[in-house]
Amino acid sequence: MDTPILRNNFKSEEYQINMGPQHPATHGVLRLLLTIDGEIIKKVEPDLGYIHRSIEKMCERDSYQQIVHLTDRMDYLSSHINNEAVCLTVENALQLEVPERVKVIRTIIAELTRIASHTLWWGVMGMDVGALTTYFYGFRDRELINDIFEETCGARLTMNYNIPGGLMFDIHPNFVNRTKEFIAHFKTKLPEYDLLLSGNIIFQKRMQGIGILSKEDAISYGASGPVGRASGYSCDVRIHHPYSNYDNVKFNEILKTEGDTLARYQVRILEMWESLSIIEQLIDNIPEGDFFAKTNVVIKLPAGEYYQKVETARGELGVYINSTGTKNPYRMKFRSPGFSNLSLLNHIAVGGKIGDLVATMATLDLVIPDIDR
Amino acid sequence: MNITKSIHEWLFSLMPEMTASIVEMVLIAVIYLAIFAVAGLYLVLLERKVAAWFQLRLGPNRVGYLGLLQTLADALKLVSKELTITEKADKFLYNLAPYFVIISALMALSLFPFTQEFQAFDINIGIFFLIAISSIGVIGILLAGWSSNNKFAMIGAMRSGVQTISYELSVGLSLLTMVLMTGSLQLSEIIEVQKHGWLIVQGHIPAFIAFCIFLIAGTAETNRAPFDLVEAESELGAGFHTEYSGMKFAYFFLAEFINMFIIAAIAATVFFGGYLSPFGITESIPLLGIFWFLAKTLVIIFLMMWFRWTFPRLRIDQLLILEWKYLLPLNLMNLILMAMMVLLGLTIQF
Amino acid sequence: MTYFKDIYYAIKSLLTGMSVTGKYFLNARKGAITQQYPENRATLKMFERFRGEVVMPHDENNEHRCTGCQKCELACPNGSIEIIWDRQVDPETGKKKKVIDQHIYHLGMCTMCSLCIEACPTDAIVWAQNFENSVYDRTTLTKVLNKPGSKLMPGVED
Numbered sequence: 001m002d003t004p005i006l007r008n009n010f011k012s013e014e015y016q017i018n019m020g021p022q023h024p025a026t027h028g029v030l031r032l033l034l035t036i037d038g039e040i041i042k043k044v045e046p047d048l049g050y051i052h053r054s055i056e057k058m059c060e061r062d063s064y065q066q067i068v069h070l071t072d073r074m075d076y077l078s079s080h081i082n083n084e085a086v087c088l089t090v091e092n093a094l095q096l097e098v099p100e101r102v103k104v105i106r107t108i109i110a111e112l113t114r115i116a117s118h119t120l121w122w123g124v125m126g127m128d129v130g131a132l133t134t135y136f137y138g139f140r141d142r143e144l145i146n147d148i149f150e151e152t153c154g155a156r157l158t159m160n161y162n163i164p165g166g167l168m169f170d171i172h173p174n175f176v177n178r179t180k181e182f183i184a185h186f187k188t189k190l191p192e193y194d195l196l197l198s199g200n201i202i203f204q205k206r207m208q209g210i211g212i213l214s215k216e217d218a219i220s221y222g223a224s225g226p227v228g229r230a231s232g233y234s235c236d237v238r239i240h241h242p243y244s245n246y247d248n249v250k251f252n253e254i255l256k257t258e259g260d261t262l263a264r265y266q267v268r269i270l271e272m273w274e275s276l277s278i279i280e281q282l283i284d285n286i287p288e289g290d291f292f293a294k295t296n297v298v299i300k301l302p303a304g305e306y307y308q309k310v311e312t313a314r315g316e317l318g319v320y321i322n323s324t325g326t327k328n329p330y331r332m333k334f335r336s337p338g339f340s341n342l343s344l345l346n347h348i349a350v351g352g353k354i355g356d357l358v359a360t361m362a363t364l365d366l367v368i369p370d371i372d373r
Numbered sequence: 374m375n376i377t378k379s380i381h382e383w384l385f386s387l388m389p390e391m392t393a394s395i396v397e398m399v400l401i402a403v404i405y406l407a408i409f410a411v412a413g414l415y416l417v418l419l420e421r422k423v424a425a426w427f428q429l430r431l432g433p434n435r436v437g438y439l440g441l442l443q444t445l446a447d448a449l450k451l452v453s454k455e456l457t458i459t460e461k462a463d464k465f466l467y468n469l470a471p472y473f474v475i476i477s478a479l480m481a482l483s484l485f486p487f488t489q490e491f492q493a494f495d496i497n498i499g500i501f502f503l504i505a506i507s508s509i510g511v512i513g514i515l516l517a518g519w520s521s522n523n524k525f526a527m528i529g530a531m532r533s534g535v536q537t538i539s540y541e542l543s544v545g546l547s548l549l550t551m552v553l554m555t556g557s558l559q560l561s562e563i564i565e566v567q568k569h570g571w572l573i574v575q576g577h578i579p580a581f582i583a584f585c586i587f588l589i590a591g592t593a594e595t596n597r598a599p600f601d602l603v604e605a606e607s608e609l610g611a612g613f614h615t616e617y618s619g620m621k622f623a624y625f626f627l628a629e630f631i632n633m634f635i636i637a638a639i640a641a642t643v644f645f646g647g648y649l650s651p652f653g654i655t656e657s658i659p660l661l662g663i664f665w666f667l668a669k670t671l672v673i674i675f676l677m678m679w680f681r682w683t684f685p686r687l688r689i690d691q692l693l694i695l696e697w698k699y700l701l702p703l704n705l706m707n708l709i710l711m712a713m714m715v716l717l718g719l720t721i722q723f
Numbered sequence: 724m725t726y727f728k729d730i731y732y733a734i735k736s737l738l739t740g741m742s743v744t745g746k747y748f749l750n751a752r753k754g755a756i757t758q759q760y761p762e763n764r765a766t767l768k769m770f771e772r773f774r775g776e777v778v779m780p781h782d783e784n785n786e787h788r789c790t791g792c793q794k795c796e797l798a799c800p801n802g803s804i805e806i807i808w809d810r811q812v813d814p815e816t817g818k819k820k821k822v823i824d825q826h827i828y829h830l831g832m833c834t835m836c837s838l839c840i841e842a843c844p845t846d847a848i849v850w851a852q853n854f855e856n857s858v859y860d861r862t863t864l865t866k867v868l869n870k871p872g873s874k875l876m877p878g879v880e881d
């Protein structure tokens with residue numbers, strides 16, 4: 001029966017399928033062109049540009065105060081850290097010394113942002129692997145952080161709380177109490193995350209050994225943040241190039257060596273504990289003082305190139321400003337963590353099943369406006 | 374059941390025997406359709422409420438008192454929606470598929486003894502018939518996925534085929550374990566046996582294992598989470614019913630919930646004594662059998678909902694590993710254990 | 724034997740997960756975090772710093788504090804603020820002075836960045852805590868902040 005005609009008839013065929021731009025698992029308008037053989041993924045081609053707003057070009061039009069609010073719209077889940085990155089770059093360029101109070105407040109809010117981003121990620125991660133309840137538990141805890149932000153700076157998502165030189169206004173009198181309440185609340189809820197999802201046998205089997213990224217690949221693809229650290233690549237900007245108040249607090253860099261999706265998941269869960277400890281160290285010791293350093297109304301950076309990187313919830317965000325001495329940057333460029341993390345998706349997802357791709361993508365924690373800008 | 378008897382006599386006195394029996398059948402069918410619709414709609418509502426309570430939400434509470442009319446409103450909306458179709462779909466199969474699914478679910482419903490007399494169709498191969506009919510539904514899903522001419526639907530349908538064929542084995546074997554004790558496939562007789570203690574008590578350890586396996590396999594057969602690979606909204610969008618809209622989508626949706634009811638009802642009948650009350654406390658009022666039957670069924674449905682709103686989804690290969698490496702060997706061992714127990718007379722009877 | 728051990732640990736982990744959701748199910752009555760929005764309008768209070776929309780407060784004499792310095796217009800990144808102004812002779816001093824005719828605010832273009840309010844030297848514009856801004860026609864989102872016939876509060880200088 002082994003005639004060539006018969007074999008040809010039963011030849012399996014690869015086919016292409018569009019995952020996105022409207023797909024529940026891509027969390028936004030990312031289009032993945034998948035080449036699939038049955039359930040097995042042969043190739044993943046990300047197609048970007050569906051939410052491109054040319055933020056970098058708009059920055060060339062705006063003054064340095066105005067640029068800050070555009071960065072809210074890049075990685076909207078860590079908007080405060082994006083703001084901070086731009087402000088730090090401008091302050092460094094001006095060689096402006098910001099008050100201690102600003103540094104501490106910025107650090108606390110940045111860590112709160114990280115927790116907020118990770119709780120949302122945890123909820124969505126659960127949803128992507130089919131446990132819908134996690135979504136609501138994650139959002140419940142994130143809501144408390146959003147309330148803290150709203151009370152202090154008036155917005156829940158696009159904060160625009162930093163200005164070059166400091167903060168827009170002082171923290172709200174309730175800020176410290178609310179943050180302490182949140183820490184107490186979250187310390188009881190975080191173990192529940194582990195009981196509900198991390199320890200679950202189905203979840204563990206789903207996540208173990210898929211989407212493996214080696215340390216070498218992590219470095220060569222430019223992976224950063226939890227994605228890089230899960231592969232053993234020590235890349236925490238907060239430790240290696242401390243900014244704001246990170247050189248005065250003690251915390252561990254979470255490193256795992258497995259490099260699979262479970263490791264990336266665990267890195268984020270443990271990072272929330274570290275963020276909690278950073279906030280706890282600082283919340284009682286906010287120094288008195290001004291909440292901004294005086295700058296000119298029209299900020300003109302001295303001609304030259306400036307670069308500053310910070311650690312957002314997703315990884316390393318770099319801000320590059322090329323100034324010619326005018327009130328606008330000549331060229332502005334953001335090195336966003338999501339873009340380089342997305343670039344390794346094809347590398348780690350090939351050979352897995354469709355379900356693996358969804359789980360892998362969830363642990364990369366992509367925010368599409370951050371990739372497209 | 375005096376009312377049914379008098380209706381029966383009245384019908385037969387009114388017209389010739391042939392017409393009368395046809396009219397009677399139609400009446401029964403209409404009654405079952407009504408049960409079907411109401412049960413389906415309120416199970417959807419129950420699912421939404423239970424999900425909300427698990428997820429710190431309130432659930433539907435705007436339409437009607439406590440949201441009791443919510444699903445009716447949804448049904449009205451679905452009826453009034455446009456039925457869309459893809460251009461390159463296989464139109465005949467595309468339209469046929471929802472009926473396949475819904476009719477198989479409806480046929481299975483007719484077998485259950487709600488009380489001693491309230492049973493439409495008491496055949497001597499009851500359980501066998503139930504298993505057979507409940508797995509016909511998968512043909513509808515396969516048809517839907519194939520005829521939609523959509524790759525996502527196609528993947529969903531293929532997964533469904535793999536899943537149902539595998540888990541059919543476990544459902545059958547776990548029920549077979551219990552049949553060893555009853556010695557009959559007829560549902561009314563299975564319940565008769567349980568007057569001396571429910572089968573899960575009579576068969577203790579092996580019966581409990583069989584119940585667990587049945588619950589897992591049953592959840593898988595109804596394509597509910599954590600085994601909802603067929604729909605898997607984060608992977609396939611909506612799976613096999615991606616291209617369906619309006620009432621045709623509603624048929625799939627309702628059938629899923631009716632299938633859940635059927636699996637729970639089988640479990641209640643075979644393991645927990647069906648309409649029998651615990652310790653025979655309400656044996657003098659046979660009509661209360663409906664209450665006991667529904668109560669037991671709802672408890673098992675609640676368990677299935679609990680699973681759905683707690684667990685993440687399995688991957689397709691893990692789904693098969695679970696069946697072929699764990700459930701099936703355990704089931705076969707369990708079957709032998711039960712056979713030995715029946716042989717040695719180790720069952721507990723009151 | 725690891726086969727049965729695996730099964731034991733698997734079932735244990737599943738039951739732990741179910742106990743977490745089960746606990747929430749039992750406390751569903753008081754645990755619900757849903758806010759029933761249109762019903763709780765009366766009790767729903769936004770924080771005082773909440774950025775709803777930009778408004779210009781007027782006192783009882785229909786006087787505002789806007790001198791027409793246009794600092795907000797310059798600070799706005801999106802051009803949501805336009806000020807139409809004129810020079811008029813001040814009857815007291817006899818000098819020519821900027822007087823606003825219309826302070827136009829395009830809510831539809833506003834990104835709530837708060838830069839205009841920070842820039843305002845006289846606190847003429849502030850945030851309102853109003854959040855129900857949806858309309859049927861986007862032209863209604865273009866608002867004139869100073870009331871008709873209003874004038875500058877005496878004594879406000881930039």
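Residue numbers (this note's numbering), protein chains in the order written: chain A, 1 to 373; chain B, 374 to 723; chain C, 724 to 881. Don't be surprised by glycine CBs; every beta carbon is placed ideally from N, CA and C.
- Using a 10 angstroms sphere on the CB of residue 249 of chain A, the tally of other CB atoms reaches 16 or more, which defines it as buried.
- Among the residues facing chain A, residue 460 of chain B is not included, as its CB has no counterpart in that chain under 9 Å away.
- At the C-beta level, residue 506 of chain B and residue 543 of chain B stay beyond 9 Å of one another.
- Residue 783 of chain C counts as exposed, since fewer than 16 other beta carbons sit within 10 angstroms of its beta carbon.
- Leaving aside the five residues that flank residue 146 of chain A on each side, the residues in its chain whose CB is nearer than 6 Å to its CB run, in chain order, 156.
- If you draw a 10 Å sphere on the C-beta of residue 571 of chain B, you find 16 or more other C-beta atoms in it, and that means buried.
- Under the Cβ criterion of 9 Å, residue 696 of chain B is not counted among the residues facing chain A.
- In the DSSP assignment, residue 450 of chain B falls within the alpha helix (DSSP H) that extends over 443-452.
- Under a 10 Å Cβ-count criterion, residue 130 of chain A is classified as buried, with 16 or more other Cβ atoms of the shown protein chains found around its own Cβ.
- Proximity to residue 221 of chain A across A:265, A:346, A:47 peaks at A:346, based on C-alpha coordinates.
- The continuous beta strand (DSSP E) containing residue 323 of chain A extends over residues 316-323.
- Put simply, the CB of residue 747 of chain C is near chain B, with a gap under 9 Å to one of its CB atoms.
- Bounds of the alpha helix (DSSP H) holding residue 191 of chain A are 175-193.
- The beta carbon of residue 827 of chain C sits closer than 8 Å to those of 804, 805, 806, 807, 865, 866, 867, 868, all from its chain and outside the five residues before and after it, given in chain order.
- Taking each of A:159, A:271, A:192, A:290 in turn and checking the Cα distance to residue 230 of chain A, the smallest one comes out for A:271.
- What residue 756 of chain C touches in chain A, judged by beta-carbon distance under 9 Å, is 136, 139, 140, 143, going in chain order.
- Contact check between the region 836-845 of chain C and the region 50-69 of chain A: three or more CB pairs, one atom from each, fall below 8 Å, which counts as touching.
- Within the region 426-439 of chain B, the residues whose Cβ lies closer than 7 Å to any Cβ of chain C are, in chain order, 426, 427, 429, 430, 431.
- Residue 795 of chain C is a Cβ neighbour of residue 842 of chain C, given a cutoff of 9 Å.
- Approximately 5 Å separates the beta-carbon atoms of residue 362 of chain A and residue 125 of chain A; this is inside 8 Å, confirming the contact.
- Per the coordinates, the alpha-carbon of residue 817 of chain C lies some 15 Å from the alpha-carbon of residue 878 of chain C.
- Annotation: residue 808 of chain C is outside any alpha helix (DSSP H); the continuous beta strand (DSSP E) that includes it extends over 804-812.
- A buried status is given to residue 532 of chain B, since no fewer than 16 other beta-carbon atoms sit within 10 Å of its beta-carbon.
- Contacts with chain C at 9 Å (Cβ-Cβ) include residue 133 of chain A.
- A residue is called buried once 16 or more other Cβ atoms fall within 10 Å of its Cβ, and residue 519 of chain B is buried on that count.
- Identification of residues in the region 111-133 of chain A having a C-beta nearer than 8 Å to some C-beta of chain C yields 133, given in sequence order.
- Counting along the chain, the unbroken alpha helix (DSSP H) around residue 273 of chain A starts and ends at 261-283.
- Identification of residues in the region 165-178 of chain A having a C-beta nearer than 8 Å to some C-beta of chain C yields 168, 169, 172, given in sequence order.
- Counting only runs of 4 or more residues that sit fully inside the region 522-569 of chain B, the alpha helix (DSSP H) segments are 524-555, 560-566, in chain order.
- For the region 795-867 of chain C, the full-length beta strand (DSSP E) segments reaching 3 residues or more read 804-812, 819-829, 849-851, 865-867 along the chain.
- Apart from sequence neighbours up to five positions away, the residues of its chain that approach residue 259 of chain A with a beta-carbon distance below 8 Å are 212, 213, 214, 215, 218, 230, 231, 232, ordered along the chain.
- Taken atom to atom, the span from the alpha-carbon of residue 676 of chain B to that of residue 646 of chain B is near 18 Å.
- Rounded to whole angstroms, the gap between the alpha carbons of residue 815 of chain C and residue 840 of chain C is 30 Å.
- For residue 501 of chain B, there is no enclosing beta strand (DSSP E); the enclosing alpha helix (DSSP H) covers residues 499-507.
- When C-alpha distances from residue 872 of chain C are compared across C:824, C:830, C:846, C:861, the shortest belongs to C:824.
- When the five nearest sequence neighbours on each side are left out, the beta carbons in the same chain lying within less than 7 Å of the beta carbon of residue 59 of chain A are those of 67, 70, 329, 332, in order along the chain.
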